[in-house]
Amino acid sequence: MILPNAVWSFNVLIMKSFFEGLPEELFESARMDGAKEFRILIQIVTPLSIPVLLTVGLFYLVGHWNEFFQAIFYVTDRTLFPLQVIVRELLMQSQQPLENAENMMPTQTMQMAAVMIASVPVIVIYPFLQKHFTKGMLLGSIKG
1 MILPNAVWSF NVLIMKSFFE GLPEELFESA RMDGAKEFRI LIQIVTPLSI
51 PVLLTVGLFY LVGHWNEFFQ AIFYVTDRTL FPLQVIVREL LMQSQQPLEN
101 AENMMPTQTM QMAAVMIASV PVIVIYPFLQ KHFTKGMLLG SIKG
């Protein structure tokens, strides 16, 4: 389930435009100071690329968190189902009539609870990544 979506072309374009926008003078000055390629990568490129890496990471997180269709195709073990498939099954069960109708939870209540459970982790993580997300989205589009 992970391998077919390992590389998204949109994320590749974001990363490519970010790395093309890095000034070549940074690398030249590091080479003049005696830095090798690996040191340039670790000490210069990595700290500068944190916003774009967090942006791409957020795209992958939200994309895989909401993954439903491929999980139905590829995963056969019910214990490995992602949350979205379980929420769908829960919603489908809540819409079927039960023999004991007086103990049945209202359908609308079950649906709203399932939606909240499925969206809370992304809602909790996003505020911490928001400033990096905005910065990472703008880095690849603005030259100057």
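To convert, note that position 125 of the sequence shown is 125 in UniProt numbering; the numbers rise steadily by one, no gaps.
We put the CB at the ideal spot given by N, CA and C, even for glycine.
Original post:
By Cβ distance below 7 Å, which residues in the same chain neighbour valine 56 in space, the five residues on each side in sequence not counted?
Top reply: Here residue 56 refers to the residue found at position 56 of the sequence shown. Asn11, Ile14 and Met15.
**OP:** For the alpha helix (DSSP H) containing residue 157, list its first residue and its last residue.
**Re:** This structure cannot speak to residue 157, because the chain is shown only from 1 to 144.
Original post:
Taking just the CA atoms, how far does alanine 30 sit from tyrosine 126?
Top reply: Taking the first residue of the sequence shown as 1, we reach residue 126 at position 126. Taking the first residue of the sequence shown as 1, we reach residue 30 at position 30. So the two alpha carbons sit approximately 35 Å from each other.
**OP:** Would you decide whether alanine 114 is buried or exposed? Buried here means 16 or more other CB atoms lie within 10 Å of its CB.
**Re:** Taking the first residue of the sequence shown as position 1, residue 114 is located at position 114. By the neighbour-count rule (16 or more Cβ atoms within 10 Å), alanine 114 is buried.
Subject >> Test item: CB-CB of leucine 54 and leucine 22 under 8 Å >> reply: Working through the sequence shown from its first residue, we reach residue 54 at position 54. Working through the sequence shown from its first residue, we reach residue 22 at position 22. No, they are not a contact pair.
Original post:
Does the Cβ-Cβ distance between leucine 83 and methionine 110 come in under 8 Å?
Top reply: Along the sequence shown, one-based indexing puts residue 83 at 83. Along the sequence shown, one-based indexing puts residue 110 at 110. Contact flag unset, no.
Subject >> Same chain, Cβ closer than 8 Å to arginine 88, five either side skipped, listed in chain order >> reply: Reading the sequence shown from its first residue, position 88 is the one you call residue 88. Cβ within range, chain order: Phe68.
**OP:** Report the option in Val52, Thr76 and Trp65 whose CA atom is closest to the CA atom of serine 119.
**Re:** Along the sequence shown, one-based indexing puts residue 119 at 119. For the residues Val52, Thr76 and Trp65, the minimum Cα distance to serine 119 belongs to Trp65.
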